[in-house]
Amino acid sequence: MKNRSFARSLCALALVLCLGVVALGDVIRMKDGQVIRGQIVGFRDQQFTVLVGRGERGRRSRMTIYMEDVESIEFDSASNTDAGTNGGADEDVSRTAEPARPQPTPAPRVSEPRPSSTGTTNPGGAASPTGALPDRGTSQPTGTPDSAFFPVRVRVRADNTANGWTDSGLMMRRGQRLRVSATGRVSLGQGRFSTPTGLPRVLDTEKLMRNEPTGGLIAVVGDDNDEFIFIGANREFYAPRDGRLFFGVNEGNLADNTGTFDALIEAEPVSGGGN
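Okay, so the sequence shown: first residue is 12 according to this note's numbering, each after it adds one.
Structure follows, in C-alpha cells:
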C-alpha cells in the first residue's frame, strides 16, 4: 500500500513538472483566436518557423506559420520564467491598456531644441532612453530573410486615437534587441508636416520629449512609465523592461493631426536567453 501511494505521488510530481515546461516559450496569438506556445527559430518568405512541444529524446515538432495570420507575439526569455508561467490575467491587461499621455508641467520658454546623439540604449545602464541617433535619413531594413531578426510592420497614427499611442502587437522582454526604421509624412496641423525625424525648429513645450524634434516618431515599452525612446527615421536599441511596445508622435496637441508613419520593426527572438 505504501509503495502504491509513493508511486502516485511521483506521478503527480512529474505531471506538475511537465506542465511547467509546456508553459514556457514564445506565445503566438493567431487572428482566428488560436494560441500557440513554442520557440520561434526562423523567419523566411513571410513565414515563421516554430518548434512546438517536447517530444521523446528531446525531439520537437516543427511548424510553419504565415505572418499574415498572426495577431501578436509575446516573447519568453529563459531568464524570465515567472513571466512565462504567469497565467493570462496580466497578459490581457497588457493587451487592452494604452499608455496614458502625462500632463506636461508649466515650463519657461526655452531656446530652440537641439537633437541629441547619444547612440544605442544600453539595456543594463541608466533608464534614460531619450537619446536619439544622428539623422541618417530613411534607411532600408537591415535584416535579411535569413537573419535571426524577423520583421513586423506597423502603421503609426499621428492623431490622438487611443491616447496617441499605436500598439505594435509585440510584448518585449528586457534586453531584447530591436531595430526600427520608419518612413512617411504626417500633418501636425496649422500647415506643418513632419517625417519620422521630426521638425527641430518647431517649439512645443507640451511634447513628451522636450529635447527631441517636434513631430518625430517615438516609442515606449509598457503602459505605466514615461521613459520614452526617440526613434526618428531609424534606431537600434534594447528594450529597457518587459512590456508591450507602443509608438506615437512627439507633439503636445494631437487633436488636429492626420496621417500615419510606416514603421518596420525587426525583433530578435530571446527564447535562448536575453541580454
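Cβ coordinates follow ideal geometry from the N, Cα and C atoms, glycine included.
As the structure is a computational prediction, the values presented were derived from the model and not from experiment.
Per-residue DSSP class, three states only, for residue i
i, result
"threonine 216", "coil"
"glycine 175", "helix"
"aspartate 37", "strand"
"valine 281", "coil"
"phenylalanine 238", "A small fix is needed here, since residue 238 is glutamate in this sequence, not phenylalanine. Three-state DSSP puts glutamate 238 in coil, outside helix and strand."
"glutamate 79", "helix"
"methionine 182", "strand"
"glutamate 223", "coil"
"glutamine 58", "strand"
"alanine 89", "Low local confidence applies: a pLDDT of 48 at alanine 89 is under 50, so the model's placement there is unreliable, and no value is given."
Residue i - containing beta strand (DSSP E), residue span
i, result
"alanine 169", "Taken as a continuous stretch (DSSP letters only), alanine 169 belongs to no beta strand (DSSP E), as it is neither H nor E."
"leucine 210", "Note, leucine 210: premise wrong, no beta strand (DSSP E); not H, not E."
"glycine 49", "46-55"
"threonine 206", "Run containing threonine 206: none; DSSP gives neither H nor E here."
"alanine 159", "Taken as a continuous stretch (DSSP letters only), alanine 159 belongs to no beta strand (DSSP E), as it is neither H nor E."
Below-8 Å beta-carbon distance, residue i vs any chain E residue
i, result
"aspartate 56", "This model lacks chain E altogether, as it is built from one protein chain only."
Those residues which DSSP pairs with residue i across a bridge
i, result
"leucine 199", "In the DSSP output, where bridge partners are listed per residue, leucine 199 has none listed."
Inset, instruction - Pick out the complete beta strand (DSSP E) segments inside the stretch 241-279, 3 residues or longer, and give them in chain order. - result: 245-249, 254-260, 271-278
Legend entry - Meets three-Cβ-pair contact criterion under 8 Å: the stretch 203-213 and the stretch 223-231: The stretch 223-231 and the stretch 203-213 touch, with three or more beta-carbon pairs separated by less than 8 Å.
Inset, instruction - Would you check if the stretch 189-205 and the stretch 269-284 touch, i.e. whether three or more CB-CB distances between them fall below 8 Å? - result: yes
Inset, instruction - Examine the Cβ distances between the stretch 188-195 and the stretch 238-257 and report whether three or more of them are shorter than 8 Å. - result: These segments touch.
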